[in-house]
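K.L.:
If you're matching positions, the sequence shown starts at 6 in this note's numbering and goes up one per residue.
By construction, the Cβ of each residue, glycine as well, lies at the ideal position given by its N, Cα and C atoms.
Sharing a structure with you now.
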Amino acid sequence: MKKYILLITVLLLSAVKMSAQVHLDKYNFGEGLNFSGDSGYSMRLQGYVQPYAEFKKAENDSDLYSRFRMRRLRLRLSGESADTKFSYRLQVDLSGSTEADTDEGSNNMLLDAFVTYDFSKNWSVSFGQKMTPTDNLELSMGSQTLQLPERSRLTSVFASIREFGLFFNGSYRLSGGDMYLKPAVAITNGDGMNVFDKDHGGFKYGGRLDFLPFGLFNKFGQYRQADIQRELTPKLLIGVNYSYNDGVSSRRGRNSGSILYLDDNNNEALPDYEKFGIDFLLKYQGFSLLGEFVKSNAYIDNSITQRVRTDGSVSSSFEVDGIQDVTNYIKNRMMLGQGYNVQAGYVFKNLWSVDGRYTHLEADKYSFLNNGAFYARPNYYTLGVTKYMGRNYGAKIQASMTYVDTAPEATNNDGELVNGNEWIGRLIFTVSF
Numbered sequence: 006m007k008k009y010i011l012l013i014t015v016l017l018l019s020a021v022k023m024s025a026q027v028h029l030d031k032y033n034f035g036e037g038l039n040f041s042g043d044s045g046y047s048m049r050l051q052g053y054v055q056p057y058a059e060f061k062k063a064e065n066d067s068d069l070y071s072r073f074r075m076r077r078l079r080l081r082l083s084g085e086s087a088d089t090k091f092s093y094r095l096q097v098d099l100s101g102s103t104e105a106d107t108d109e110g111s112n113n114m115l116l117d118a119f120v121t122y123d124f125s126k127n128w129s130v131s132f133g134q135k136m137t138p139t140d141n142l143e144l145s146m147g148s149q150t151l152q153l154p155e156r157s158r159l160t161s162v163f164a165s166i167r168e169f170g171l172f173f174n175g176s177y178r179l180s181g182g183d184m185y186l187k188p189a190v191a192i193t194n195g196d197g198m199n200v201f202d203k204d205h206g207g208f209k210y211g212g213r214l215d216f217l218p219f220g221l222f223n224k225f226g227q228y229r230q231a232d233i234q235r236e237l238t239p240k241l242l243i244g245v246n247y248s249y250n251d252g253v254s255s256r257r258g259r260n261s262g263s264i265l266y267l268d269d270n271n272n273e274a275l276p277d278y279e280k281f282g283i284d285f286l287l288k289y290q291g292f293s294l295l296g297e298f299v300k301s302n303a304y305i306d307n308s309i310t311q312r313v314r315t316d317g318s319v320s321s322s323f324e325v326d327g328i329q330d331v332t333n334y335i336k337n338r339m340m341l342g343q344g345y346n347v348q349a350g351y352v353f354k355n356l357w358s359v360d361g362r363y364t365h366l367e368a369d370k371y372s373f374l375n376n377g378a379f380y381a382r383p384n385y386y387t388l389g390v391t392k393y394m395g396r397n398y399g400a401k402i403q404a405s406m407t408y409v410d411t412a413p414e415a416t417n418n419d420g421e422l423v424n425g426n427e428w429i430g431r432l433i434f435t436v437s438f
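This is the structure we're talking about:
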């Protein structure tokens, strides 16, 4: 808690200090306050709030589960030098929620904290904590721009979301037209975000390559979901991504030290985690289509002979189906399998939007995706409607209904078998400045 208070204090003091040196340049609702200084540097302050309600019911259960909370409450401070060579971003979330909102809790207040240097016309390097390019395409899109109240289940299952390390980003306009290639390379800690304690395992290496055959999207549309800007010509992105995490200490490399293993000499010995995916984004005159596929694999270190329990004690038991099976015991605790997500929507000229999504997950035989409490749900069908208050992301209200196919081993909040499929209703209101 002390480091949270210190972080907020530094952020506020920095803003006060800078306000004496800069003047308000412009303000666009939903796009933040833009400041510029006498020496030529610029600064932007942005934020948004998202109150949220969720209702969940199983077909054969008379109980209705509900929760009301602040889904996101974020502040972002960013800026760049006069020659635009250097830039920075600091973003915090005061709601305490994870972006993917799953079983793995973590320290989520600090989101982004990085500096960027443009060392050539086509390449920049960032150092710090930020979104990783090795996740599926949806993760690069701002949370206040989602076309449905929540991100897809594909994201919550496989994405590591944010990591600390070095990030190289490039952009090339191909000769003879408006085609672009956008490569990205990341070398990170592989333990997710906000790793303030001991670092476990080795580095994570990965990258992404995006191809835009019809030119760049209008007003950063590549990083926003619904086509509220109504692209005048078709815009398309096709991307591939890959990562290899050398020694992962959690289910998919989202946090640090939650699952640990040892060898005979009590030294850490961790499994490796590999992930690859392909995705695309199409936008044209209010219509948007997003498709994503992700596949993950695990490689188990043969030297592993012990596991660390949650209370810190050590056990040599790796029992699976009544036999000692180190490899498959470890796989049972990792997010292994594959899945795809397809979603589409249309923003009408009166600023109403209708959207739909289908997400399919296919677990490996030995995978935490078979866990009944959190997963064991292979199919998600979602329909949603959104009302935008303006041709921007400044304010909107969204509602959706999701039908969930459950596997036989799926359980409810009380640990009882669901014995039927589930319905999830969501309502969220977004206000940005």
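Would DSSP call Phe219 helix, strand or coil?
P.N.:
In the sequence shown, the residue the question calls residue 219 occupies position 214. Three-state result, Phe219: coil.
K.L.:
In angstroms, rounded to a whole number, what distance separates the CA positions of Trp357 and Ser100?
P.N.:
The count along the sequence shown starts at 1 and reaches residue 357 at position 352. The count along the sequence shown starts at 1 and reaches residue 100 at position 95. If you take the alpha carbons of Trp357 and Ser100, they lie about 28 Å apart.
K.L.:
In the DSSP output, what is Arg178 paired with across the bridge?
P.N.:
Locating residue 178 in the sequence shown gives position 173, counting from the first residue. The partner list for Arg178 (beta bridge, DSSP) reads Tyr185.
K.L.:
Taking only the alpha-carbon atoms, compute the straight-line gap between Ala98 and Leu116 and give it to the nearest angstrom.
P.N.:
Working through the sequence shown from its first residue, we reach residue 98 at position 93. Working through the sequence shown from its first residue, we reach residue 116 at position 111. The question names Ala, but residue 98 is Asp in the sequence shown. Answer to the nearest angstrom: the Cα atoms are 7 Å apart.
K.L.:
Strictly by DSSP, which residues pair up with Val423?
P.N.:
Looking up residue 423 in the sequence shown gives position 418. Per DSSP, none; premise fails for Val423.
K.L.:
Locate the alpha helix (DSSP H) running through Arg158, then write down its first and last residues.
P.N.:
In the sequence shown, residue 158 corresponds to position 153, counting from 1. Arg158 -> alpha helix (DSSP H) spans 158-163.
K.L.:
Candidates Val253, Leu179, Tyr289: which alpha carbon is nearest Gln227's?
P.N.:
If you number the sequence shown from 1, residue 227 lands on position 222. Here the closest residue by C-alpha is Tyr289.
K.L.:
With DSSP as the reference, label Asn333 as helix, strand or coil.
P.N.:
Looking up residue 333 in the sequence shown gives position 328. Helix at Asn333.
K.L.:
Helix, strand or coil: which one does DSSP assign to Leu144?
P.N.:
As a position in the sequence shown, residue 144 is number 139, starting the count at 1. In the structure shown, Leu144 sits in a helix (DSSP, three-state: H, G or I).
K.L.:
Hey, could you find the ends of the beta strand (DSSP E) Thr137 is sitting in?
P.N.:
As a position in the sequence shown, residue 137 is number 132, starting the count at 1. From DSSP, Thr137 is part of no beta strand (DSSP E); its letter is neither H nor E.
K.L.:
Please state if the CB of Lys209 and the CB of Ser248 are separated by a distance shorter than 8 Å.
P.N.:
Working through the sequence shown from its first residue, we reach residue 248 at position 243. Working through the sequence shown from its first residue, we reach residue 209 at position 204. Their beta carbons are under 8 Å apart, which means Ser248 touches Lys209 by this criterion.
K.L.:
Quick test of the definition: if touching needs 3 or more C-beta pairs under 8 Å, does the segment 371-381 touch the segment 325-343?
P.N.:
Segments in contact, yes.
K.L.:
If you draw a straight line from the alpha carbon of Leu242 to that of Arg213, how long is it in whole angstroms?
P.N.:
The count along the sequence shown starts at 1 and reaches residue 242 at position 237. The count along the sequence shown starts at 1 and reaches residue 213 at position 208. Looking at the two C-alpha atoms, the distance is approximately 12 Å.
K.L.:
For Tyr249, report the span of its beta strand (DSSP E) as first-last.
P.N.:
Taking the first residue of the sequence shown as 1, we reach residue 249 at position 244. Taken as a continuous stretch (DSSP letters only), the beta strand (DSSP E) holding Tyr249 covers 240-250.
K.L.:
What does a CB cutoff of less than 8 Å around Tyr266 pick up in its chain, not counting 5 residues either side in sequence?
P.N.:
Counting from one through the sequence shown, the residue named residue 266 turns up at place 261. Only Glu273, Ala274, Leu275, Pro276, Asp306, Ile309, Gln311, Arg312, Val313, Ile335 meet the Cβ criterion.
K.L.:
Cutting at 6 Å between CB atoms, please list the residues of its own chain near Gln152, excluding the five before and the five after it.
P.N.:
In the sequence shown, counting from the first residue as 1, residue 152 sits at position 147. Correct list, in chain order: Gln230, Ala231, Gly350, Asp360.
K.L.:
Who are Thr391's beta bridge partners in DSSP?
P.N.:
Translated into the one-based positions of the sequence shown, residue 391 becomes position 386. According to DSSP, Thr391 bridges with Ser358, Gln403.
K.L.:
Am I right that Leu80 and Gln96 are in contact with their C-beta atoms under 8 Å? What's the rounded C-beta distance?
P.N.:
The count along the sequence shown starts at 1 and reaches residue 80 at position 75. The count along the sequence shown starts at 1 and reaches residue 96 at position 91. Indeed, because the Cβ distance is near 7 Å, the residues count as touching under 8 Å.
K.L.:
Taking the CB atoms as reference points, tell me whether Ser405 and Arg431 lie closer together than 8 Å.
P.N.:
Here residue 405 is taken as the residue at index 400 of the sequence shown, counted from 1. Here residue 431 is taken as the residue at index 426 of the sequence shown, counted from 1. Yes. Within cutoff.
K.L.:
Distance check for Pro154 and Met394, CA to CA, integer angstroms please.
P.N.:
Here residue 394 refers to the residue found at position 389 of the sequence shown. Here residue 154 refers to the residue found at position 149 of the sequence shown. Taking the straight line joining both Cα atoms gives about 16 Å.
K.L.:
The beta strand (DSSP E) spanning Met75 covers which residue range?
P.N.:
Here residue 75 refers to the residue found at position 70 of the sequence shown. Looking at the DSSP string, the run of the beta strand (DSSP E) that includes Met75 is 70-85.
K.L.:
Going by DSSP, what residue range makes up the beta strand (DSSP E) through Ile283?
P.N.:
Position 278 of the sequence shown, counted from the first residue, corresponds to residue 283. Note, Ile283: beta strand (DSSP E), 277-289.
K.L.:
Return yes when the Cβ of Thr364 is within less than 8 Å of the Cβ of Leu29, no when it is not.
P.N.:
Along the sequence shown, one-based indexing puts residue 29 at 24. Along the sequence shown, one-based indexing puts residue 364 at 359. It is not a contact, given that the beta carbons lie outside the stated cut-off.
K.L.:
From the DSSP secondary-structure annotation, give me the bridge partner or partners of Lys61.
P.N.:
The count along the sequence shown starts at 1 and reaches residue 61 at position 56. DSSP lists Tyr70, Ile429 as partners of Lys61.
K.L.:
Going by other Cβ atoms of all chains shown within 10 Å of its Cβ, with 16 needed for buried, is Glu236 buried or exposed?
P.N.:
Position 231 of the sequence shown, counted from the start, is the residue given in the question as residue 236. So Glu236 counts as buried.
K.L.:
In three-state terms, what does DSSP make of Gly110?
P.N.:
Start at 1 with the first residue of the sequence shown, and residue 110 comes out as number 105. Any answer about Gly110 is weak, because its pLDDT of 48 lies below 50 and its placement is not dependable; what the coordinates show is given next. Reduced to three states, the DSSP call for Gly110 is coil.
K.L.:
Can you list, in chain order, the residues of its chain whose CB lies under 8 Å from that of Phe438, leaving out five sequence neighbours each side?
P.N.:
Within the sequence shown, numbered from 1, the residue matching residue 438 stands at position 433. Cβ neighbours of Phe438 beyond the five flanking positions: Phe34, Gly35, Gly37, Leu38, Gln51, Gly52, Tyr53, Gly399.
K.L.:
Going by beta-carbon coordinates alone, are Thr193 and Thr137 separated by less than 8 Å?
P.N.:
Mapped onto the sequence shown, residue 193 falls at position 188. Mapped onto the sequence shown, residue 137 falls at position 132. Taking 8 Å as the Cβ cut-off, Thr193 and Thr137 qualify as a contacting pair.
K.L.:
Classify Leu443: buried if its beta carbon has 16 or more other beta carbons within 10 angstroms, exposed otherwise.
P.N.:
Any question about residue 443 goes unanswered here, given that the chain covers just 6 to 438.
K.L.:
Gln329 to Ile233, Cα distance in whole Å?
P.N.:
By one-based count along the sequence shown, residue 329 stands at place 324. By one-based count along the sequence shown, residue 233 stands at place 228. Those two C-alpha atoms are separated by around 55 Å.
K.L.:
In whole angstroms, give me the CA-to-CA distance for Lys300 and Glu427.
P.N.:
Counting from 1 along the sequence shown, the entry for residue 300 is found at position 295. Counting from 1 along the sequence shown, the entry for residue 427 is found at position 422. Looking at the two C-alpha atoms, the distance is approximately 26 Å.
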